[in-house]
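Undergrad: Take this structure, written in structure tokens, and hold onto it; I'll ask about it next.
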Amino acid sequence: MTAPANPLRILVVEDEPALRRFLVPTLAGQGYQVLTAATAAEGLAQARSHNPDLVLLDLGLPDQDGMEVLRQLRAWSRRPIVILSARNQERDKVRALDHGADDYLAKPFGAAELLARLRAALRRAVQTEAGDSVVAGGGLRVDLARRDVSLDGRPVHLTALEYRLLEALVRRHGKVATHAQLLVEVWGPGGAGNTHYLRIYMAMLRRKLEADPARPRHFITEPGVGYRLDLDGPG
Amino acid sequence: MDASTRPILVALGSEARALRLIQAACRLARERNAPWIAAHVETTAGAATEDEEQVQVWMQEAQRLGAETRRVRAPTLAQGLADLTRGTRAQVLLLGRSRGRWPWARLGHATADELLRRGLDASLVVLDDPPEAAWAGAPASPFGATAGAFLVLGACTGLAWLLPREGNLSLVLPIYLLGVALIAHRWGQGLGVLASALGTLLYNFLLETPRFSQGGHWPNLLFFLAMLLAAQLVMGLLRRLRLQAREVQRREFHTASLYLLGRALARSQSPEEIALSAAEHIGRTFKAGAWVLFPEGETWRSLPGSLADHDLPPPSELGPSLDLAARQGDPLEPLPLGGAFYLSLTGTDRCEGVLRILPAEAGGLPPRTWELLMAFAAQIALALERLRWLEEARQAQLERETERLRNTLLGAIGHDLRTPLAAIHGAAGTLLLTDGLDEPARRDLLAMIQDESERLAHLLGNLLDLTRLESGVLQAQKEWQPLEEVVGSALGRLERREGPVPIHVDLPPDLPLVPLDAALMEQVLVNLLANARRHAPGRDVALRAWSEPGRLCLEVADRGPGIPEALRERVFEKFFRLPGSGEGGVGLGLAICRAIVQAHGGGIQAVERPGGGTAIRIDLPLPGDPPALPEGTP
Chain A
18 MTAPANPLRI LVVEDEPALR RFLVPTLAGQ GYQVLTAATA AEGLAQARSH
68 NPDLVLLDLG LPDQDGMEVL RQLRAWSRRP IVILSARNQE RDKVRALDHG
118 ADDYLAKPFG AAELLARLRA ALRRAVQTEA GDSVVAGGGL RVDLARRDVS
168 LDGRPVHLTA LEYRLLEALV RRHGKVATHA QLLVEVWGPG GAGNTHYLRI
218 YMAMLRRKLE ADPARPRHFI TEPGVGYRLD LDGPG
Chain B
53 MDASTRPILV ALGSEARALR LIQAACRLAR ERNAPWIAAH VETTAGAATE
103 DEEQVQVWMQ EAQRLGAETR RVRAPTLAQG LADLTRGTRA QVLLLGRSRG
153 RWPWARLGHA TADELLRRGL DASLVVLDDP PEAAWAGAPA SPFGATAGAF
203 LVLGACTGLA WLLPREGNLS LVLPIYLLGV ALIAHRWGQG LGVLASALGT
253 LLYNFLLETP RFSQGGHWPN LLFFLAMLLA AQLVMGLLRR LRLQAREVQR
303 REFHTASLYL LGRALARSQS PEEIALSAAE HIGRTFKAGA WVLFPEGETW
353 RSLPGSLADH DLPPPSELGP SLDLAARQGD PLEPLPLGGA FYLSLTGTDR
403 CEGVLRILPA EAGGLPPRTW ELLMAFAAQI ALALERLRWL EEARQAQLER
453 ETERLRNTLL GAIGHDLRTP LAAIHGAAGT LLLTDGLDEP ARRDLLAMIQ
503 DESERLAHLL GNLLDLTRLE SGVLQAQKEW QPLEEVVGSA LGRLERREGP
553 VPIHVDLPPD LPLVPLDAAL MEQVLVNLLA NARRHAPGRD VALRAWSEPG
603 RLCLEVADRG PGIPEALRER VFEKFFRLPG SGEGGVGLGL AICRAIVQAH
653 GGGIQAVERP GGGTAIRIDL PLPGDPPALP EGTP
């Protein structure tokens, strides 16, 4: 594979040498320019001096809480940040996403999954900048400018709340939206905590927009975390 | 041997004074920094009268305070003690002496005297009992008693003086009999004897006819003296009988109240309950308030209720002052402190707490009730000790169980961890070493490394989940939600992991919301569906759910070989694998399912599926109605 003239820069903030050993060649092999940091301080310094296009951030760093690094990065950068977390720490995942992380990967993860998530995060960053108002895939098409939803070419009628929920997901297309983020966006600040509202409306959306609501293809549940709209999978 | 290291010997019997002897010996031993020995001599004569159990109690108490204990048999007490003193080369021999009930018993102490005669190379310390004021009905000073006796005799003489003189023995005698009886009854037998002699002299010199005669009437005088002595003797006997009857009554009362307390304490399951029972029984028996104080750092935790006065010394001070060896004053009486009394609650090995008694009346409690109160304290201490021992035994049992499980776990995962590791290690080594490996073989090895590491990750994940569930670190975060969503995410995860999942899903559209932890319940479904696939690959696996009043039922059914009825409960145990189930799985999947379902307050069981196969059924409780839907619901 030939490296592009202006390769995308990825900063890996990870204290485990074994994981760095696996991540660096995997990412470099895909044509990315890889920067590494083993501590939070080093990571923040690297991020400031090189302004990477994406940061892969481990939450368990030796010198500082990864969450704090995330907060400091988000203070000045809108570039995507993908969290690497140990398994089953739903609360940490939710906190990281609520604090502006774009996605998370639970260890252990495979190379294919890692690269897919990175590509999705980088693509989203480009799309957000372009302000694309139409998303489509797997038979579903949503036009945010015209408030128009169709499935397999047939228009679908949604209630106001259903549409607002769909809109919130589409704006985060491909990215995990936490329960709290969706509740505040759809119901306003008073909606926080009423996760069952969200679940009921999600079930309604699935009945209208999924072929088999019990096996959703587009409206993916991230248990204990939130939802993700996936229009790239098989319809 | 140096004199300072020669032991101190103390002779103990069954009487309560043994406690005073123990206190004295312990103090002396600490003072002189010498060891001490508590000895009991069983004499052939005394064996019948000694209370063997009580001796045992005192010996244990001495042992608790650091004494070595000895029991010897000897013809007499003096013989036994002399042998012991010589055998142990004791520097001091301590023994007690009781105040005899009869005056002449106080004249000497047979044992002590005999020991002195034997010329031992040890100093002899004899402890006298303090005078027992409570023994006499109404305590009186010796002077008052003597004056009273003289007054009664004077009154008798005056009365006799008025009577006609001729043949007056038969008239005067009853008057003096009455007088002497009264004196003996009121002031004891010593004065009774004195009064008899005095009365006889008075009669002889003042009343006998002819008056003031010096000689002559010996038969009359002797008869007179004998009658008076007999009267006081009878009174003495009556008095003893009455005291004995009172003692029997007291003992009955003691036994009954101790029995009631013991029964209440035996039922108590916690220190709080013990304190409550103790306070209730002491309040009823002694008309006094009672609290059990437990040391808690530098303060006391008081039960029942909080302590009225807070100026109680901290445990580090009060504890030692209640200790038998260190405390001042009589060890048979409780420690008075600011209107209340304190007793150490000491079981067989250590102090469990302190009993605080606040008498309802300012004057305190009658002296003889302390004995019963101390018996109460001993019972309470033993009950507290029993609880502590039970707790310690429970802890030990728990640790053993944990240890056993850990060993099982190590045995089980040792194999399951090592197998994939060996494969990965081997494959990686081959890939690194061999150059001439063709592409398909290389890819095969790489694929194996990936598969085996996934297996390892899965096993570790399961172990972590189960450990966290069982230790309570991981708790179900229940939220009302449709089951459909959890089923959807479980199927999605399984498909990502294992490819397309041919499962028949039957969820009624009107299924109610159910409170559950989505992440945990997804794990249950993934485990059950993966099990069903493994045991019955490619065959009719079904997932269905329905609601019943108060609960939601969920079933995952397969067409596998089924589970023998005897094993249907055991499949949910950790590391249990069905015989002949082959490779794959370490017997944790169903254990995790059960732990999660139980964390939801539900039940899980394996049943036979009609038409063959196994169905795992889960019941989840539906507590009341789900919260109302938001405004503007279509």
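In the order they appear, the protein sequences are chains A and B.
When you line the first sequence up against the working numbering, it's residues 18 to 252, in that order.
When you line the second sequence up against the working numbering, it's residues 53 to 686, in that order.
Think of the CB as a built atom: it goes at the ideal place given N, C-alpha and C, for glycine as much as any other residue.
1. Which parts of the region 579 to 665 of chain B are runs of the beta strand (DSSP E), unbroken and 3 residues or longer, counting only runs that do not cross its ends?
2. I'd like the span of the beta strand (DSSP E) that includes residue 50 of chain A, first residue to last.
3. Checking contacts by CB at 9 Å: is residue 676 of chain B closer than that to chain A?
4. Give a yes or no on whether the minimum CB-CB distance between residue 27 of chain A and chain B is below 9 Å.
5. For residue 643 of chain B and residue 489 of chain B, which I take to be in contact (beta-carbon distance under 8 Å), what is that distance rounded to the nearest angstrom?
6. Closer than 7 Å, Cβ to any Cβ of chain B: which residues of the region 223 to 246 of chain A, in chain order?
7. Who pairs with residue 26 of chain A in a beta bridge, going by DSSP?
8. Compare the C-beta of residue 219 of chain A against all C-beta atoms of chain B and say whether one is closer than 9 Å.
9. Anything in the region 35 to 55 of chain A with a Cβ closer than 8 Å to a Cβ of chain B? List those residues in chain order, please.
10. Secondary structure at residue 229 of chain A, three-state DSSP: helix, strand or coil?
11. Against chain C, which members of the region 651 to 662 of chain B pass a CB distance test of less than 9 Å?
12. Using the C-alpha atoms, what's the distance from residue 242 of chain B back to residue 249 of chain B?
13. Closest Cβ-Cβ distance between residue 523 of chain B and chain A: below 9 Å?
14. Is the shortest distance between the beta-carbon of residue 172 of chain A and the beta-carbons of chain B less than 9 Å?
15. Does the beta carbon of residue 206 of chain A come closer than 9 Å to any beta carbon on chain B?
16. Quick one: which residues of the region 526 to 542 of chain B get their C-beta closer than 9 Å to a C-beta of chain A? List them in chain order.
17. Return the chain-ordered list of same chain residues with a C-beta closer than 6 Å to the C-beta of residue 60 of chain B, the five sequence neighbours on each side being excluded.
18. For the beta strand (DSSP E) that contains residue 533 of chain B, what are its first and last residues?
19. Here's the rule I'm using: 16 or more other beta-carbon atoms within 10 Å means buried, otherwise exposed. How should residue 677 of chain B be labelled?
20. Please classify residue 534 of chain B as buried or exposed, where buried requires at least 16 other C-beta atoms within 10 Å of its C-beta.
21. Grouping DSSP H, G and I as helix and E and B as strand, with all else coil, what is residue 343 of chain B?
22. For residue 311 of chain B, count neighbouring C-beta atoms within 10 Å of its own C-beta (all shown protein chains included) and say buried if the count is 16 or more, exposed if not.
23. I need the straight-line Cα distance from residue 434 of chain B to residue 141 of chain B, nearest angstrom please.
24. Does residue 449 of chain B have its Cβ less than 9 Å from a Cβ in chain A?
25. For residue 190 of chain A, report the span of its beta strand (DSSP E) as first-last.
26. Within the 9 Å Cβ cut-off, does residue 505 of chain B reach chain A?
27. Do you know offhand how far residue 45 of chain A's Cα is from residue 54 of chain A's?
28. Given residue 238 of chain A, which residues of its chain have a CB within under 7 Å of its CB, disregarding the five upstream and five downstream residues?
29. Quick check on the DSSP output: the alpha helix (DSSP H) that includes residue 228 of chain B runs from which residue to which?
30. Specify the secondary structure class of residue 487 of chain B as computed by DSSP and reduced to three states.
31. Would residue 273 of chain B and residue 255 of chain B qualify as a contact pair, given that the criterion is a beta-carbon distance under 9 Å?
32. If you drop the 5 nearest sequence neighbours on each side, which residues of the same chain put their C-beta closer than 6 Å to that of residue 198 of chain A?
33. Which same chain residues end up closer than 7 Å to residue 507 of chain B when comparing Cβ atoms and leaving out the 5 residues on each side of it in sequence?
34. Could you work out which residues of chain A lie near residue 51 of chain B, taking near to mean beta carbons separated by less than 9 Å?
35. How many angstroms separate the CA atom of residue 123 of chain A from the CA atom of residue 102 of chain A?
36. What runs of the alpha helix (DSSP H), each 4 residues or longer, lie entirely inside the region 159 to 193 of chain A?
TA: In this structure, then:
1. Here the runs fully enclosed are 593 to 600, 603 to 609 and 655 to 660.
2. Here residue 50 of chain A is taken as the residue at index 33 of the first sequence, counted from 1. For residue 50 of chain A, the enclosing beta strand (DSSP E) stretches over residues 50 to 54.
3. Locating residue 676 of chain B in the second sequence gives position 624, where the first residue counts as 1. When Cβ-Cβ separations below 9 Å define contact, residue 676 of chain B makes no contact with chain A.
4. The residue given as residue 27 of chain A occupies position 10 in the first sequence. Output row for residue 27 of chain A: interface = no.
5. Within the second sequence, the letter at position 591 stands for residue 643 of chain B. Within the second sequence, the letter at position 437 stands for residue 489 of chain B. About 41 Å; that fails the 8 Å criterion.
6. So the close ones are 230, 231, 232, 233, 237, 238, 240 and 241.
7. Here residue 26 of chain A refers to the residue found at position 9 when the first sequence is read from its first residue. According to DSSP, which records beta bridges pairwise, residue 26 of chain A is partnered with A:50.
8. For the purposes of this step, residue 219 of chain A is taken as the residue at position 202 of the first sequence. Chain B, which has a Cβ nearer than 9 Å to the Cβ of residue 219 of chain A, makes this yes.
9. So nothing in the stretch comes that close.
10. What you label residue 229 of chain A is simply residue 212 of the first sequence in a count that begins at 1. Coil, per DSSP.
11. The displayed structure is made up of protein chains A and B, and chain C is not among them.
12. To locate residue 249 of chain B, count along the second sequence from 1; it is residue 197. To locate residue 242 of chain B, count along the second sequence from 1; it is residue 190. Distance between the alpha carbons of residue 249 of chain B and residue 242 of chain B: 11 Å.
13. One-based indexing of the second sequence puts residue 523 of chain B at position 471. Chain A contact via Cβ: absent.
14. As a first step, residue 172 of chain A is located in the first sequence; it is residue number 155 there, counting from the start. At a cut-off of 9 Å between beta carbons, residue 172 of chain A makes no contact with chain B.
15. As a first step, residue 206 of chain A is located in the first sequence; it is residue number 189 there, counting from the start. No, because no Cβ of chain B sits closer than 9 Å to the Cβ of residue 206 of chain A.
16. Along the region 526 to 542 of chain B, going in chain order, the ones with a CB nearer than 9 Å to a CB of chain A are 526, 529, 531, 532, 533, 534, 536, 537, 538, 539, 540, 541 and 542.
17. Position 8 of the second sequence, counted from the first residue, corresponds to residue 60 of chain B. The beta carbon of residue 60 of chain B sits closer than 6 Å to the beta carbons of 77, 80, 81, 86, 88 and 144 from its chain, once the five residues preceding and following it are set aside; these are given in chain order.
18. Position 481 of the second sequence, counted from the first residue, corresponds to residue 533 of chain B. Where residue 533 of chain B is concerned, the enclosing beta strand (DSSP E) stretches over 531 to 533.
19. On the second sequence, residue 677 of chain B is found 625 positions in, with the first residue counted as 1. Result: exposed.
20. Your numbering for residue 534 of chain B matches position 482 in the second sequence. By the 16-neighbour rule on beta-carbons within 10 angstroms, residue 534 of chain B is buried.
21. For the purposes of this step, residue 343 of chain B is taken as the residue at position 291 of the second sequence. Assignment of residue 343 of chain B by DSSP, reduced to helix, strand and coil, places it in the strand class.
22. Against the second sequence, residue 311 of chain B aligns to sequence position 259. When all chains shown are included, residue 311 of chain B counts as exposed.
23. Walking along the second sequence from the start, residue 434 of chain B turns up at place 382. Walking along the second sequence from the start, residue 141 of chain B turns up at place 89. Approximately 36 Å between the Cα atoms of the pair.
24. Working through the second sequence from its first residue, we reach residue 449 of chain B at position 397. No, no contact with chain A.
25. Indexing the first sequence from 1 puts residue 190 of chain A at position 173. Boundaries cannot be given for residue 190 of chain A, as no beta strand (DSSP E) includes it and DSSP labels it neither H nor E.
26. In the second sequence, counting from the first residue as 1, residue 505 of chain B sits at position 453. Judged by the 9 Å Cβ criterion, residue 505 of chain B is in contact with chain A.
27. Locating residue 45 of chain A in the first sequence gives position 28, where the first residue counts as 1. Locating residue 54 of chain A in the first sequence gives position 37, where the first residue counts as 1. Computed Cα separation, rounded: 15 Å.
28. Within the first sequence, the letter at position 221 stands for residue 238 of chain A. Cβ neighbours of residue 238 of chain A beyond the five flanking positions: 244.
29. Numbered from 1 along the second sequence, position 176 holds the residue referred to as residue 228 of chain B. That run of the alpha helix (DSSP H) goes 221 to 239.
30. Residue mapping note: residue 487 of chain B aligns to position 435 of the second sequence, counting from 1. If DSSP states are grouped into helix, strand and coil, residue 487 of chain B belongs with coil.
31. Taking the second sequence and counting its residues from 1, the one referred to as residue 273 of chain B is at position 221. Taking the second sequence and counting its residues from 1, the one referred to as residue 255 of chain B is at position 203. Closer than 9 Å, so yes.
32. As a working mapping, residue 198 of chain A is identified with position 181 in the first sequence. Beyond the five residues adjoining it in sequence on each side, residue 198 of chain A comes within less than 6 Å, by CB distance, of no other residue in the same chain.
33. Your numbering for residue 507 of chain B matches position 455 in the second sequence. The answer, listed in chain order, is 472.
34. It is not possible to answer for residue 51 of chain B, since the shown part of chain B is limited to 53 through 686.
35. Looking up residue 123 of chain A in the first sequence gives position 106. Looking up residue 102 of chain A in the first sequence gives position 85. Residue 123 of chain A and residue 102 of chain A have their C-alpha atoms roughly 5 Å apart.
36. For the region 159 to 193 of chain A, the continuous alpha helix (DSSP H) assignments of 4+ residues that do not extend past its boundaries occur at 177 to 188, in sequence order.
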